[in-house]
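These notes concern the structure reproduced below.
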Amino acid sequence: AELTAGLIQGLVIFTDAGASNFEEHALLQDWLDDHSIARTLISFAASDREAADKIASVARGYGHAVLFLDSNTDIAVAGNFYATAARRFAIDGRNARRLESEVTELTLLGERVRRNSNSIFRSGEALGGRALARTEPSVFEKESLGDEFSESTIREIIVPGGVALGETSYLNLDVSELRFTDGQFLLLDEAGAAWELPALEVKTLKALWDFVARSIAIKSDAIVDIDEAGRVRISSALRDTDAGFEIMHADNLPFAYVQNLDVIKSVIIDTGVDWLQREGNKLEFVSNYEVRFLSADNMRLAQTRVALEFEYEHGAESMEFQRSWGRDSGRLRENLDYAGLGKDMTPIAKYAGWIALFRSLQEQQISFLRGRYEFLKVDKRGQETPARH
20 AELTAGLIQG LVIFTDAGAS NFEEHALLQD WLDDHSIART LISFAASDRE
70 AADKIASVAR GYGHAVLFLD SNTDIAVAGN FYATAARRFA IDGRNARRLE
120 SEVTELTLLG ERVRRNSNSI FRSGEALGGR ALARTEPSVF EKESLGDEFS
170 ESTIREIIVP GGVALGETSY LNLDVSELRF TDGQFLLLDE AGAAWELPAL
220 EVKTLKALWD FVARSIAIKS DAIVDIDEAG RVRISSALRD TDAGFEIMHA
270 DNLPFAYVQN LDVIKSVIID TGVDWLQREG NKLEFVSNYE VRFLSADNMR
320 LAQTRVALEF EYEHGAESME FQRSWGRDSG RLRENLDYAG LGKDMTPIAK
370 YAGWIALFRS LQEQQISFLR GRYEFLKVDK RGQETPARH
């Protein structure tokens with residue numbers, strides 16, 4: 020809106036000395052096709068055009084291609100340039116600072132550099148503690164819960180539930196690019212072949228993608244937890260989304276099946292995700308997860324009393340109970356409905372597959388240019404996640 024209203028403009032710079040066609044749509048195709056170029060976009064107040072012209076002149080002198088974005092630019096083209104730029108800057112000026120802009124780079128103008136730092140942002144350590152604890156579930160990585168052979172290092176919180184998904188998927192494919200088209204993701208391998216991912220609602224894909232980005236940034240696998248007062252803590256990336264609602268619902272179900280243990284805390288975690296190649300260049304996944312029942316020892320550390328292992332195969336839509344372990348596993352009832360529990364955990368098992376894939380792609384910094392702008396615009400909002408259980 021600010022661009023079409025003529026309040027701001029943009030300058031696109033990329034290092035392709037051979038670019039000769041400066042028509043915006045053609046240049047955008049070059050921008051998206053060539054992964055080797057350095058994509059730079061500079062935002063500025065329209066009144067600072069003279070300064071931008073000088074920058075453009077210098078860039079041309081170095082053989083770079085440049086393009087101005089203004090009120091006459093197709094908004095979809097401008098959005099694609101902005102969403103896929105590797106580096107984004109803003110020209111600082113009096114008018115730019117006065118703008119009530121929603122462009123991130125412009126909103127940061129005038130911010131003071133923090134003491135003993137050359138950055139306006141707090142350090143990651145500062146953000147990872149007190150500030151996040153107020154808005155996120157308990158921040159931890161699921162490995163801190165331990166397993167059958169290693170002790171837990173996480174403090175136990177005696178509350179009814181919890182979900183943490185932190186696996187990185189295995190995929191026997193050399194992925195070069197991720198694309199989003201017609202509401203669906205495609206993976207391109209090094210040979211240029213396109214691999215089709217399973218169908219899933221676009222708003223759910225967006226919610227899971229955002230969760231992974233948030234998870235990596237704050238170093239936490241936690242999706243849901245509930246405090247001692249029954250108040251729900253859900254990852255801000257999944258709050259008021261259909262995926263978040265389904266995960267919260269599933270999180271409340273383990274004790275409907277397992278009732279004879281002297282514990283009141285359960286947690287659901289993923290333990291492995293494999294993406295597999297199928298005929299017709301399609302990809303499917305198998306996810307493994309555990310439903311654990313926890314108590315605290317005299318040091319207030321979590322202790323797994325019973326863990327139930329399941330395997331979910333997405334292509335066949337099948338769920339199979341694998342085994343149980345833990346010091347109280349012998350107390351499980353013989354008629355325990357493992358199939359029913361597994362079926363009720365299907366949403367978590369399904370989303371674990373996608374989260375693990377997205378984590379792998381984001382950690383490897385796989386190129387995601389084509390369709391990125393359209394994907395980032397997706398409205399992920401869905402069912403309201405309750406604040407209390």
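Everything in the sequence shown is counted per this note's numbering, starting at 20 for the first residue and increasing by one. In this text, a Cβ means the ideal position worked out from N, Cα and C, and glycines have one as well. None of the values given here were measured: they were computed from a predicted structure.
The DSSP assignment places 181-183, 194-200, 203-208 and 213-215 as complete runs of the beta strand (DSSP E) inside the region 162-223, in order along the chain (cut-off: 3 residues). The closest CA to that of M318, considering only P217, D49 and E170, is found on E170. Taking H83 as the centre and dropping the five residues before and after it, the same chain places the C-beta of I32 and T34 closer than 6 Å to its C-beta, in chain order. Burial check for R252: the Cβ neighbour count within 10 Å reaches 16 or more, so the residue is buried.
For M364, the secondary structure class from DSSP, reduced to helix, strand or coil, is coil. Taken in chain order, the whole alpha helix (DSSP H) runs of length 4 or more contained in the region 269-311 are 273-276.
By the Cβ-count criterion, L86 is buried, with 16 or more other Cβ atoms from all chains shown falling within 10 Å of its own Cβ. In the structure shown, A326 adopts extended strand secondary structure according to DSSP, grouped into three states. Judged by DSSP secondary structure, E393 falls within the alpha helix (DSSP H) whose first and last residues are R391 to L395. For A226, the closest C-alpha among the options H333, A406 and I374 is that of I374. Shown here, F63 sits in a strand according to DSSP, grouped into three states.
For F100, the enclosing alpha helix (DSSP H) covers residues I94 to T103. Relative to G211, the option among R198, E220 and A218 whose CA is nearest is R198.
A Cβ-Cβ distance of about 4 Å is found for the pair I61 and L30, placing them in contact under the 8 Å criterion. Residue state for T34 is assigned as coil, using DSSP reduced to three classes. Taking 8 Å as the cut-off, the Cβ atoms of Q28 and D93 do not count as close.
In the DSSP annotation of this structure, V77 is not part of any beta strand (DSSP E); the continuous alpha helix (DSSP H) holding it starts and ends at R68 to G80. Counting along the chain, the unbroken beta strand (DSSP E) around L86 starts and ends at A84 to L88. By the criterion of a C-beta distance shorter than 8 Å, L118 is surrounded in its chain by E21, L26, I27, A64 and L125, once the five residues flanking it on both sides are discounted. Between the region 226-236 and the region 253-266 there are three or more C-beta pairs closer than 8 Å, enough to call the two in contact. Cβ neighbours of A102 within its own chain (closer than 7 Å, five residues either side excluded): R391, Y392 and L395.
Between the region 305-320 and the region 329-338 there are three or more inter-stretch CB-CB distances shorter than 8 Å, so the stretches are counted as touching.
A Cβ-Cβ distance of about 35 Å is found for the pair D261 and Q48, leaving them out of contact under the 8 Å criterion. In terms of Cβ geometry, A183 and V286 form a close pair [threshold 8 Å].
By DSSP's assignment, A248 forms no beta bridge with any residue. Contact annotation: A321 and L327 have beta-carbon atoms that are not nearer than 8 Å. If you draw a straight line from the Cα of A105 to the Cα of A57, it is about 7 Å long. Our two residues, G291 and W344, have alpha carbons roughly 17 Å apart in a direct line. Counting only residues of its own chain and dropping the five nearest sequence neighbours on each side, R342 has a CB closer than 7 Å to the CB of E328. Comparing C-alpha distances from V221 to each of F387, T200, I385 and S234 shows the shortest one belongs to T200.
When rounded, the separation of the alpha-carbon atoms in L351 and R324 is 11 Å.
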